[in-house]
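Quick note: the sequence shown, position 219, residue 270 per this note's numbering, numbers continuous. The structure appears below as structure tokens.
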Amino acid sequence: MAEVFRAGIGAGIGLAVAGLLLAASVDLKTGLFLIAPFGASAVLIFAVPNSPLAQPWSAIVGNSIAALVGVVACMTVGDPALRVALAVGGSVAAMLLMRAVHPPGGAVAMTAALSPDTVGQLGPWFAFAPVAAGTTILVLAGCIYARATGRHYPMRHAPQSPTPPDVSPVARIGLREEELAAILRNYRQSLNLGTEDLARLIGAAEMQAASHRSGDLTAADIMSRDLVTVGPDTPLGEVANLFRDHGFTSLPVVQEGDKFLGVIFQIHLIRRAREDVFRLDRGFGSAMKRLLDSRLTTPVRAADIMGTAMPRATTGTPVAALLPMMADGICDAVPVLERGRIVGIVTRTDMIAALARRSLSARDN
52 MAEVFRAGIG AGIGLAVAGL LLAASVDLKT GLFLIAPFGA SAVLIFAVPN SPLAQPWSAI
112 VGNSIAALVG VVACMTVGDP ALRVALAVGG SVAAMLLMRA VHPPGGAVAM TAALSPDTVG
172 QLGPWFAFAP VAAGTTILVL AGCIYARATG RHYPMRHAPQ SPTPPDVSPV ARIGLREEEL
232 AAILRNYRQS LNLGTEDLAR LIGAAEMQAA SHRSGDLTAA DIMSRDLVTV GPDTPLGEVA
292 NLFRDHGFTS LPVVQEGDKF LGVIFQIHLI RRAREDVFRL DRGFGSAMKR LLDSRLTTPV
352 RAADIMGTAM PRATTGTPVA ALLPMMADGI CDAVPVLERG RIVGIVTRTD MIAALARRSL
412 SARDN
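Shown next as structure tokens:
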């Protein structure tokens, strides 16, 4: 019941704010400053904020493009019934092409088509005020109201490791873009989804299936416990030697008492050297050599390049929850913490080995 009142009050507040702001900026003589479709948009934004149809792009672009189609219909078609049909049909096609499907957009186009005199006075401006401006106000009100009432809007996806900019979802699942496009055409979904959207869905399904195979395994069952760590003041030359000697791809950075501070991945060394290439105007090899030189007066230390914003786990974290953390290739290892102290680390190798053992065990049984 609380959610019912929350949605109803939010929709009322959003429309009241939109009405007040639009009344102060739109010519009231036209009678179009709060249009009926705004009520439908408010239902989506405040009652079902997680719906793809309620997201800012869909709402603002969908309503605006529908308004433009309605204006064009008013300016070109005289017969009212034909004008409404063309306005609504054209707005649906336009929203699909813009990947901005927002059901109230059809009503926006119909409103324009049924008000030829008023829309004729405003012309294309109708799409900007009241439509785009009013929808934007509703979206902003929805964002503020959601935060104030402990909800999330716009929709937030489950946390994941950041996707490398040079690796697309299509490349990660191993299917060609043409194959994905053919699947969409076969199932008549090419207007609703793009190939990257489909690739993300397939990848998510594969990840969910892998999580089922992990069973009741936790981080404590598969983590590496014999850790090699470095302190925050460790020179990068020593860090590089540890990477080379042990074949690690990551090293935890800890303070006295194993208090966890962050992790250094090999990519951190490469990125810092690349930054020095441009900052110091020298070659990559020279920049890397200087970076690892412990004889410098102020050598670069572990704390200067370690990563701190990364996934973390506890000993009781299920392996199924660890899988998405390392799915995209950026995070090679997840530190396992207890009360701020590092007690282990789960690497991608640990994960693969655990899943392989579980799969072989299931097959033998």
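Using N, Cα and C, we set each Cβ at its ideal position, and we do this for glycine too.
- L137 is positioned such that its CB atom lies closer than 7 Å to that of V128.
- Straight across, the Cα-Cα distance linking A164 with V190 is about 25 Å.
- Leaving aside the five residues that flank G358 on each side, the residues in its chain whose CB is nearer than 8 Å to its CB run, in chain order, G313, V314, I315, F316 and H319.
- When secondary structure is reduced to three states using DSSP, T186 falls in the helix class.
- Excluding its 5 nearest sequence neighbours in each direction, G141 has C-beta neighbours in its own chain below 6 Å: V120, listed in chain order.
- Distance from the Cα of P205 is smallest, within the candidate group F89, I111 and G367, for I111.
- For R134, the closest alpha carbon among the candidates P167, M146, A53 and F329 is that of P167.
- Beta-bridge analysis with DSSP links F311 to V305.
- Note: G395 is bridge-paired with V387 in the DSSP secondary-structure output.
- Close CB contacts of E307 within its chain, under the 6 Å cut and outside five residues either way in sequence, are absent.
- When secondary structure is reduced to three states using DSSP, P362 falls in the coil class, being assigned neither helix nor strand.
- Here I188 is not near L85, since their CB atoms are 7 Å or more apart.
- Burial of P181 is indicated by the presence of at least 16 other C-beta atoms within 10 angstroms of its C-beta.
- Between the alpha carbons of L252 and P375 lies a distance of about 13 Å.
- Contact annotation: A353 and V290 have beta-carbon atoms nearer than 7 Å.
- The beta carbons of A117 and M146 sit about 6 Å from each other, so the pair counts as a contact at 8 Å.
- Per DSSP, reduced to three states, the secondary structure at P369 is strand.
- DSSP, read as helix, strand or coil, puts F316 in strand.
- Within a 10 Å sphere around the beta-carbon of T285 sit 16 or more other beta-carbons, which makes this residue buried.
- Counting other Cβ atoms within 10 Å of its Cβ, T186 reaches 16 or more and is therefore classed as buried.
- DSSP places S275 within a strand segment (E or B) once states are collapsed to three.
- Counted as a single uninterrupted DSSP element, the alpha helix (DSSP H) harbouring A62 occupies residues A53 to A74.
- The beta carbon of T368 is closer than 8 Å to those of T269, A270 and V387 in its chain, skipping five residues each way along the sequence.
- Residue pairing from DSSP leaves P181 without any beta-bridge partner.
- By the Cβ criterion, the segment 153-160 is not in contact with the segment 59-68, since fewer than three pairs of Cβ atoms, one from each stretch, lie closer than 8 Å.
- With 16 or more neighbouring CB atoms inside 10 Å of its own CB, M402 falls in the buried class.
- The DSSP-derived three-state label of P286 is strand.
- DSSP places Q172 in the uninterrupted alpha helix (DSSP H) bounded by P167 to L173.
- For R341, the uninterrupted alpha helix (DSSP H) segment begins and ends at F335 to L342.
- Taking M339 as the centre and dropping the five residues before and after it, the same chain places the C-beta of A324 closer than 7 Å to its C-beta, in chain order.
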